[in-house]
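The numbering used here applies: residue 761 is where the sequence shown begins, and numbers increase by one.
Beta carbons: idealized from backbone N, C-alpha and C, even for Gly.
In this text, all values refer to a predicted model and were calculated from it rather than measured experimentally.
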Amino acid sequence: MDDDTNNERPEDEARHAERLAIRKRAMDLLARREHARAELVTKLKKHEHAADDIEAVLDELVEDGLQSDARYAEAAVASKARRGIGPIRIRAELRGAGVNDGEIEAALAEAGVDWDELAEAARRKRFGAELPADFPARAKQMRFLQRRGFDADQLAAAFDD
Numbered sequence: 761m762d763d764d765t766n767n768e769r770p771e772d773e774a775r776h777a778e779r780l781a782i783r784k785r786a787m788d789l790l791a792r793r794e795h796a797r798a799e800l801v802t803k804l805k806k807h808e809h810a811a812d813d814i815e816a817v818l819d820e821l822v823e824d825g826l827q828s829d830a831r832y833a834e835a836a837v838a839s840k841a842r843r844g845i846g847p848i849r850i851r852a853e854l855r856g857a858g859v860n861d862g863e864i865e866a867a868l869a870e871a872g873v874d875w876d877e878l879a880e881a882a883r884r885k886r887f888g889a890e891l892p893a894d895f896p897a898r899a900k901q902m903r904f905l906q907r908r909g910f911d912a913d914q915l916a917a918a919f920d921d
């Protein structure tokens, strides 16, 4: 019976060492900036760690409050809004990062951003304070705001006098 426990110990120690290495690498990534869980999984898999070990370590980090998709979403919304990015594009980018829709919507709601005002500010920053005089210039500015992720109502608000 002692032989069985001795045979399992090196495996347990190896698994423990592997999980510690995963945790250290994940903590290094999280020390730089918030990451979505899916981003961490992708980055950790590049280092050829076992998927079940990665998931176990990430579960521990969530339990310890060190990783949170909700916190990542809040930080991303704030950062992107400061850069003049609209809610449609922010939603798409967060979905691409693996954040669920509930956390995305909560982060957008909690951000306290006036999206109409942000669309107008983005237009003014890019094209100046004066409203476009003709249709082609207006269309160009609207396409710019659409690419930035603003919806039709926000575009209309950006062109109100």
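For residue i, the three-state DSSP class (helix, strand or coil)
{"i": "ARG843", "result": "coil"}
{"i": "HIS776", "result": "helix"}
{"i": "PRO892", "result": "coil"}
{"i": "GLY856", "result": "helix"}
{"i": "VAL873", "result": "coil"}
{"i": "ASP764", "result": "For ASP764, the pLDDT reaches just 49, beneath the cut-off of 50, and the residue's location in the model is therefore unreliable, leaving the point undetermined."}
{"i": "GLU880", "result": "helix"}
{"i": "PHE904", "result": "helix"}
Beta-carbon proximity check, residue i vs residue j, cutoff 7 Å
{"i": "ALA867", "j": "ALA833", "result": "yes"}
{"i": "LEU891", "j": "LEU905", "result": "no"}
{"i": "GLY909", "j": "ILE864", "result": "no"}
{"i": "GLU794", "j": "ARG831", "result": "yes"}
{"i": "VAL859", "j": "ASP829", "result": "yes"}
{"i": "ALA838", "j": "GLU880", "result": "no"}
{"i": "LEU826", "j": "ILE814", "result": "no"}
{"i": "ALA786", "j": "LEU800", "result": "yes"}
Cβ neighbour criterion (16 or more within 10 Å) applied to residue i
{"i": "ALA882", "result": "buried"}
{"i": "HIS807", "result": "exposed"}
{"i": "GLY862", "result": "exposed"}
{"i": "GLY846", "result": "buried"}
{"i": "LEU854", "result": "buried"}
{"i": "ARG851", "result": "buried"}
8 Å contact criterion, which residue i and residue j should meet: CB distance rounded
{"i": "ARG783", "j": "VAL822", "result": "Actually they do not touch by this definition, with Cβ atoms about 12 Å apart."}
{"i": "LEU878", "j": "ALA841", "result": "6 Å"}
{"i": "ALA857", "j": "ALA796", "result": "4 Å"}
Residue-level contact to chain C via CB, residue i, 7 Å cutoff
{"i": "ALA835", "result": "The chain inventory of the structure shown lacks chain C, comprising one protein chain alone."}
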